[in-house]
Amino acid sequence: MSSTVSEKKITSVPLIDLKRQFHGIKEEINSAIQDVLESQAFILGPHVKEFEGLFASYCDTKHAIGVSSGTDALILALKSLGIGDGDEVITTPFTFFATAESICNVGAKPVFADIDPETYNIRPDSIEKNISKNTKAIIPVHLYGQCADMDPILEIAKKHDLKVIEDSAQAVGAEYKGKKKQAQWVT
């Protein structure tokens, strides 16, 4: 028995197509890139300082520090808290791999807590179930412009003397109780 399959044209749908958005601001972007190339200030410099000031103002905070990536921001936050070999950090498995990668990069172990099936953010009750004597921090990840339920997370952290690093790379500017989220935030 033979079967025939009609040939169909398969259309590829790009994951991200920013061409239309880019064309609307192309001249501004090209001008900004040209300014950086002319000044040769690729690291730090006036453009980064201006961005940090504007970003801090947008998030209504005193300081913002620009780094090369969200991964670097998480690594710096973890290192600044002294988190390293033998430590555990509770986070969500439903995020970009950089969250767990950053924890591993400093020598710590990621411990995954469950997510809320409606918001896809970490469930506070699942955090508490995963705390051990080696737990040093919690990294909730704010996703799709939605914030994790921070009040109970902060209560759990206080109760167990844990640090909290909020990964807001996928929800910059999202608000939780009237306060805008920065890319990474340590409490």
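Counting from 1 along the sequence shown, just add 8 to a position and that's the residue number in my numbering. Glycine is no exception: its CB is placed at the ideal position from the N, C-alpha and C atoms.
Please list the terminal residues of the continuous beta strand (DSSP E) segment that includes residue i.
i      : result
VAL180 : VAL180 -> no beta strand (DSSP E), and no H or E assigned at all.
THR143 : 143-147
ILE139 : Unbroken run through ILE139: none, as it is neither H nor E.
ASP175 : 171-175
VAL119 : 117-120
In the DSSP assignment, find the unbroken alpha helix (DSSP H) run with residue i in it and report its ends.
i      : result
VAL98  : One point to set straight first is that residue 98 is Ile, not Val, in the sequence displayed. Segment 96-99 is the beta strand (DSSP E) holding ILE98; no alpha helix (DSSP H) there.
ASP159 : 158-167
ILE33  : 27-47
Please classify residue i as buried or exposed, where buried requires at least 16 other C-beta atoms within 10 Å of its C-beta.
i      : result
HIS71  : exposed
ARG28  : exposed
SER219 : Because the chain is modelled from 9 through 195, residue 219 falls outside the range shown and cannot be assessed.
CYS112 : exposed
ASN38  : exposed
THR143 : buried
GLU36  : exposed
THR19  : exposed
ALA145 : buried
Rounded to the nearest angstrom, how far is the Cβ of residue i from that of residue j, given a contact under 8 Å?
i      : j      : result
VAL149 : THR79  : Not a contact, Cβ separation roughly 13 Å.
PRO132 : ASP169 : So it is not a contact: roughly 17 Å between Cβ atoms.
Going straight from the alpha carbon of residue i to that of residue j, what length do you get?
i      : j      : result
GLY74  : ILE164 : 30 Å
GLY186 : ALA49  : 36 Å
LYS34  : TYR152 : 26 Å
PHE30  : LEU45  : 20 Å
ALA177 : GLY61  : 18 Å
ASP175 : LEU26  : 24 Å
Please specify which runs of the beta strand (DSSP E), each continuous and at least 3 residues long, are wholly inside the stretch 50-110, giving them in chain order.
If only complete runs of 3 or more residues are kept, the stretch 50-110 shows the beta strand (DSSP E) at 96-99, in order along the chain.
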